[in-house]
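Numbering (the working numbering), first residue to last: 21 to 146. The beta-carbon is built from N, C-alpha and C at its ideal position, and this holds for glycine as well. Values in this document were obtained by computation on a predicted structure and should not be read as measured data.
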Amino acid sequence: MSPRPMVLSKVGVKTFPLYRKVPGYRDPNTGRWIEGAEETLEVRGNEQPLSSYEKQMLPDAFRTRDTRFFISSTFLNTLDEADGQSPDELLIEGYRYQVFARESFQMRIRKHYEYKLVRVEQSAGG
């Protein structure tokens, strides 16, 4: 009898807190802008440091920042300037990382998304 094959899809998979900002909207009665609230969810996936090759493909402003590679079957929001959607943020090792880029791999049973994450910089004085 042959040994049971190892399920690689479960290796290194963890649960991470996910912060998603609900888009804001204009109140139809008052005309005032209502800022969207932040909701906390959970997402399962595998995170790793971004390879040096992948890091070189990032825009210059992100190359010196802490970057990660994240694989998950969950769809996450990236920065979308067309509709003003804020990017999702994951909490990894106590730091927040914004979802910078997404690649979709829809291959029947193995469908998943691969993301590039960039650490959110702390503002000066805070």
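task = Hey, could you find the ends of the alpha helix (DSSP H) Ser72 is sitting in?
result = Translated into positions along the sequence shown, residue 72 becomes position 52. Per DSSP, the continuous alpha helix (DSSP H) segment holding Ser72 begins and ends at Ser72 to Gln76.
request  = Pair every Cβ in the segment 125 to 134 with every Cβ in the segment 48 to 57, then say whether three or more of these pairs are closer than 8 Å.
outcome  = No contact exists between the segment 125 to 134 and the segment 48 to 57.
ask   = Can we say the segment 66 to 86 touches the segment 37 to 47, given the rule of at least three CB pairs closer than 8 Å?
value = The segment 66 to 86 is not in contact with the segment 37 to 47.
message = Can you list, in chain order, the residues of its chain with a C-beta nearer than 6 Å to that of Glu109? Leave out the 5 residues immediately preceding and following it.
response = Start at 1 with the first residue of the sequence shown, and residue 109 comes out as number 89. If the five residues before and after Glu109 are omitted, its C-beta is found closer than 6 Å to the C-beta atoms of Tyr39, Arg116 and Gln118, all from its own chain and listed in chain order.
inquiry  = Mapping the DSSP letters down to three states, classify Phe95 as helix, strand or coil.
reply    = On the sequence shown, residue 95 is found 75 positions in, with the first residue counted as 1. Coil.
query = The beta strand (DSSP E) with Ile112 in it runs from where to where?
reply = In the sequence shown, residue 112 corresponds to position 92, counting from 1. According to the DSSP assignment, Ile112 belongs to the beta strand (DSSP E) that extends over Glu109 to Ile112.
task = Could you tell me which residues DSSP pairs with Asn66 in its beta bridges?
result = Locating residue 66 in the sequence shown gives position 46, counting from the first residue. The partner list for Asn66 (beta bridge, DSSP) reads Ile91.
task = Taking 8 Å as the threshold, find out whether the segment 81 to 97 comes into contact with the segment 132 to 143 through three or more Cβ pairs.
result = Segments in contact, yes.
Among Leu96, Phe120 and Arg139, the one whose alpha carbon lies nearest that of Gly114 = Taking the first residue of the sequence shown as 1, we reach residue 114 at position 94. Of the listed residues, the one whose Cα sits closest to Gly114 is Arg139.
message = Please classify Leu61 as buried or exposed, where buried requires at least 16 other C-beta atoms within 10 Å of its C-beta.
response = Your numbering for residue 61 matches position 41 in the sequence shown. By the 10 Å Cβ count, Leu61 comes out exposed.
Residue range of the unbroken beta strand (DSSP E) whose run includes Pro37 = If you number the sequence shown from 1, residue 37 lands on position 17. Looking at the DSSP string, the run of the beta strand (DSSP E) that includes Pro37 is Lys34 to Lys41.
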